[in-house]
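Chains as they are written, first to last, in the working numbering: chain A, 1 to 111; chain B, 1 to 115.
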């Protein structure tokens, strides 16, 4: 089955700096790669996603890149703000939607 | 649109008991997936229901079972509860995408504590 690894487990940045979180996956058939943000005590919220037919996708301060050959994808957050502090999860799934999550990255943005 | 709803919010059970958790999908969604999220970890895929049948299953024992009703709502049942079953149980709904891998919307979760 699919195995998703996520790094780093914790990340601390100064407000205004960029943050990068990286994930690798094992199943070459995976074709959908979402990123979720989870604040303490709340549900995971989808922040951006990318499909295997696209190499990069951007939404304001958030971007995701995908390298299918290397089987890794990354989340980039620019101009970080304190409200970006949360746990971020990457995930990967195939056509049948059995989504597998990484272990999460706790991002702290210091004012 | 109410989004994905789950009940109950919290639940405390004793080891060996059985529990049923409920989920109502987002309007227009027909697929429901269940996840177990232990403290400090990522969600772990339990199974997915589509057209009232279990379509995919993760690495969970048969003590975990489910059901989907004609209105697309779903139940997760766990028998013979173990202390290790204590976790946040998340339900997510989606609508199949012809592109594969559909966007999943999560409910608020049910916090299960087994004592």
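Note that the Cβ used here is the ideal one computed from N, Cα and C, for glycine as well.
Output needed for residue 32(A): all residues of its chain with C-beta closer than 6 Å, excluding positions within five of it in sequence on either side, in chain order. Closer than 6 Å at Cβ, skipping near neighbours: 51 and 93.
State yes or no: is the C-beta of residue 116(B) within less than 9 Å of the C-beta of residue 34(B)? Coverage of chain B is limited to positions 1 through 115, which leaves residue 116(B) absent and any answer about it impossible.
The beta strand (DSSP E) with residue 74(A) in it runs from where to where? 72-77
Taking 9 Å as the cut-off, decide whether the C-beta atoms of residue 77(A) and residue 40(A) are in contact. no
DSSP state of residue 39(A) mapped onto helix, strand, coil: Three-state result, residue 39(A): coil.
Let me know if residue 54(A) comes out buried or exposed under the rule of 16 or more other beta-carbons within 10 Å of its beta-carbon. exposed
Same chain only: Cβ atoms within 7 Å of residue 82(A), ignoring 5 sequence neighbours per side: Residues 15, 109 and 111 of the same chain have their beta carbon placed closer than 7 Å to that of residue 82(A), with the five preceding and five following residues left out of the count.
Min CB distance residue 61(B) to chain A below 9 Å: no
To be precise: take each residue of the region 81-105 of chain A, compare its Cβ to all Cβ atoms of chain B, and keep it if any distance is under 7 Å. Which residues remain? 89, 93, 94, 95, 96, 97, 98, 99, 100, 101, 102, 103 and 104
Below-9 Å beta-carbon distance, residue 25(A) vs any chain B residue: no
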